[in-house]
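Residue numbers (the working numbering): 5 to 140.
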């Protein structure tokens, strides 16, 4: 079974949104400059110096500036998969579509966005540093 790996929130004003989530929920934030712009990591629970969870029971997320060329208009989740290419084929076979083809994110992983049969956009993530076994 593939698991939800993280969530993402687009923002019109990333600085304003960052302050909102820090003040409202006490989340910690961390900047990750990307080729497409600033990506802000949202830590919703205790993490270590490598930004890994210190305890079970929560997921972290990220925030980025809203972009008309990006398929995300509202909050979404990302699912961690063993093989992103195989998963994208499964999406199409099940009646979904790929709205952003896979891209490599630094040396961390491969990422794509899909749309399910109901029009919801979901992220698909394949970790390159800690790969998971492919399920059959």
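Using N, Cα and C, we set each Cβ at its ideal position, and we do this for glycine too.
Predicted model only: the values in this text are computed from it and were never measured.
query: Any Cβ of chain D within less than 8 Å of the Cβ of residue 34?
result: No chain D is part of this structure, which consists of one protein chain only.
message: Tell me the rounded alpha-carbon separation between residue 45 and residue 99.
response: 32 Å
query: Who are the Cβ neighbours of residue 48 in its own chain at under 6 Å, not counting the five residues just before and after it?
result: Excluding positions up to five away in sequence, the list reads 31, 62, 64.
query: Is it right to say residue 67 is buried, meaning 16 or more other beta carbons lie within 10 angstroms of its own, or is it exposed?
result: buried
- prompt: Three-state secondary structure (DSSP) at residue 143?
  reply: What is shown of the chain runs 5 to 140, which leaves residue 143 out entirely.
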